[in-house]
Structure formats: structure tokens, C-alpha cells
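**Student:** Here the sequence shown stands for residues 35 to 247, numbered as in the numbering used here.
Glycine included, C-beta positions come from ideal geometry on N, C-alpha and C.
The structure displayed is predicted, hence computed values, not measured ones.
Just passing along the structure, written as C-alpha cells.
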Amino acid sequence: MSKTQLNIDIVSDVVCPWCVIGYGRLKTALANFDTKFDVNIVWHPFELNPSMPKEGENLRQHLSKKYGTTLEGSIRARAMLTEEGQKVGFTFNYFDEMKMLNTHQCHQLLHWAKESDLQNQLAEALFEHFFSNRGEFTESELVNVAEKVGLSATQAVNILANNSYSEEVKLIEQHWHQRGIQGVPLFIFNGEQALSGAQEVATFERVLNQYLK
């Protein structure tokens, strides 16, 4: 039986925990359909904090200023995210000194990785680097992550040094802002149907059912 071609666009940011969980739930739903789909996933940039300085800001302080999150609220949220992450096989490893970071360079590398069909691998590796391994986004760390998924370290160094894909990333982000997108994750199926937020596995399954031949 032939597989059904399915294109999924994911609008996401590397430091967004709900993007991690939503992607994990999507993968779970796809796995439940076994080999019925031939899936092509494309990741699109959306910087939640484009003006964040390179050195970043303490995550709790950032959330307090941006959303008014209290310490108690932060503790509860981290526990809940950790639990939801475990359900999709992802480890959130929060710590007191954790920072909110600028992700523009991450998105440049993700844009470049599409040329080598390594976007998924890099997106997953960046999520793990930031949330599980307590990593930051220094150029040396980003080059190391890129190299681990099979990308050229030399090219990664050049891209980051020259901001080679900066304008492309900004144009793509502008496109999503113009379409009224204000938050992530966003999942778009075959350019037709969109799901916003980290939907439940069953919700993804209902959408996937619509595309079966």
C-alpha cells in the first residue's frame, strides 16, 4: 500500500518548552499511524525574544518581568513541564541559574540545515542542548551541536561569523507575524489546516486521520 504524502510546517522557537512538548506529541501521534505517512517536516523560525542580549537573562527574572510570574508559579510550571516532557520521552532539566537566551543564531543554523535534510535532527538536538543539557548558545556550543548531527563545523562557524542567513530568517519571521501569528508552536498540515499550541496526541491523531487515503 502506498504511503500518503504529508507535509508539516512547524513554527517554533528553540527556547519554547511547549514547542518541545507539542512536537513530542505530534511524533507520538505519527508513530501511532505506523508507516501510513511519508512525512516531510519543515521548521520555521519565530523568535520569542528577538531583542534579548547575547548574554541572556535569568529565566525566572525574565518571566517575572514579561508575564508577572511569581516564584511559586515558576516552580509549579517547571514541575508540570517536566512531567509533560517525560510523557513524550523528553527530559527538562531546569535549574535556578537557567537563562532565557537569544535564538537568532540557532534559527540561522536551522535554516541552513534544511539544505542537508538535517533540520529535524538539529531542532531536536538544540532542544536537548538547552533544556536537558543546560547548554547555552555560544558560537562554539552551537557549532558543536551542529557537528554532532552531521553538519559541517567549518560551514557552521562561517555562517555564525557572517550572519549568513540572518536576513532570510528575519523575512520568514516577518511572514508569520504578518499572518497574525503571535505565539508558538504552530503546526500546519499540507498548507491547509493549522493547529496552534501543544495539542494533545488525540487532537493530532484526528487531524492525521483526515489525510489518510
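Is the CB-CB distance between methionine 132 and leucine 105 below 7 Å?
**Tutor:** Cβ atoms of methionine 132 and leucine 105: not closer than 7 Å.
**Student:** Using 7 Å as the threshold, is the C-beta distance between histidine 141 and proline 51 below it?
**Tutor:** In this structure, proline 51 does not lie closer than 7 Å to histidine 141 by Cβ.
**Student:** Is it buried or exposed for arginine 59, if we count other Cβ within 10 angstroms and need 16 for buried?
**Tutor:** Buried is the call here.
**Student:** Using the Cβ count rule (16 or more neighbours within 10 Å means buried), how would you classify lysine 37?
**Tutor:** Exposed, because fewer than 16 other Cβ atoms sit within 10 Å of the Cβ of lysine 37.
**Student:** Are the beta-carbon atoms belonging to alanine 187 and valine 177 less than 7 Å from one another?
**Tutor:** Cβ distance < 7 Å, so alanine 187 and valine 177 count as in contact.
**Student:** What separation, rounded to the nearest whole angstrom, lies between the Cα atoms of aspartate 72 and alanine 63?
**Tutor:** Roughly 14 Å separates the two Cα atoms.
**Student:** Quick check on the DSSP output: the beta strand (DSSP E) that includes glutamine 244 runs from which residue to which?
**Tutor:** Here glutamine 244 belongs to no beta strand (DSSP E); instead the alpha helix (DSSP H) covers 235 to 244.
**Student:** Here's the rule: buried if 16 or more other CB atoms are within 10 angstroms of the residue's CB, otherwise exposed. What is histidine 209?
**Tutor:** Exposed is the call here.
**Student:** Can you tell me whether tyrosine 101 is buried or exposed, with buried defined as 16 or more other CB within 10 angstroms of its CB?
**Tutor:** Label assigned to tyrosine 101: exposed.
**Student:** Does the Cβ of alanine 157 have 16 or more other Cβ atoms within 10 Å, making it buried, or fewer, making it exposed?
**Tutor:** That one is buried.
**Student:** Provide the residue(s) that pair with histidine 78 in DSSP beta bridges, ordered along the chain.
**Tutor:** Paired residue(s): Val45.
**Student:** Whose C-alpha, out of Phe129, Val48 and Asn41, is nearest the C-alpha of proline 219?
**Tutor:** That would be Val48, whose Cα lies nearest to the Cα of proline 219.
**Student:** Tell me whether glutamine 139 is buried or exposed, calling it buried when 16 or more other Cβ atoms sit within 10 Å of its Cβ.
**Tutor:** Buried, since its Cβ has 16 or more Cβ neighbours within 10 Å.
**Student:** Say whether the stretch 142 to 149 touches the stretch 193 to 203, bearing in mind that this needs 3 or more beta-carbon pairs closer than 8 Å, one atom from each stretch.
**Tutor:** Yes, the stretch 142 to 149 is in contact with the stretch 193 to 203.
**Student:** So what's glutamine 216 in DSSP terms, helix, strand or just coil?
**Tutor:** The answer is coil: DSSP assigns glutamine 216 none of H, G, I, E or B.
**Student:** For glycine 184 versus leucine 152, is the C-beta distance shorter than 7 Å?
**Tutor:** Their beta carbons are under 7 Å apart, which means glycine 184 touches leucine 152 by this criterion.
**Student:** Could you tell me which residues DSSP puts in a beta bridge with methionine 134?
**Tutor:** Answer is Glu91, bridged to methionine 134.
**Student:** Taking all protein chains shown into account, decide if phenylalanine 129 is buried (16 or more other Cβ within 10 angstroms of its Cβ) or exposed.
**Tutor:** Phenylalanine 129 should be labelled exposed.
**Student:** Do you know offhand how far valine 235's Cα is from asparagine 66's?
**Tutor:** So the two alpha carbons sit approximately 10 Å from each other.
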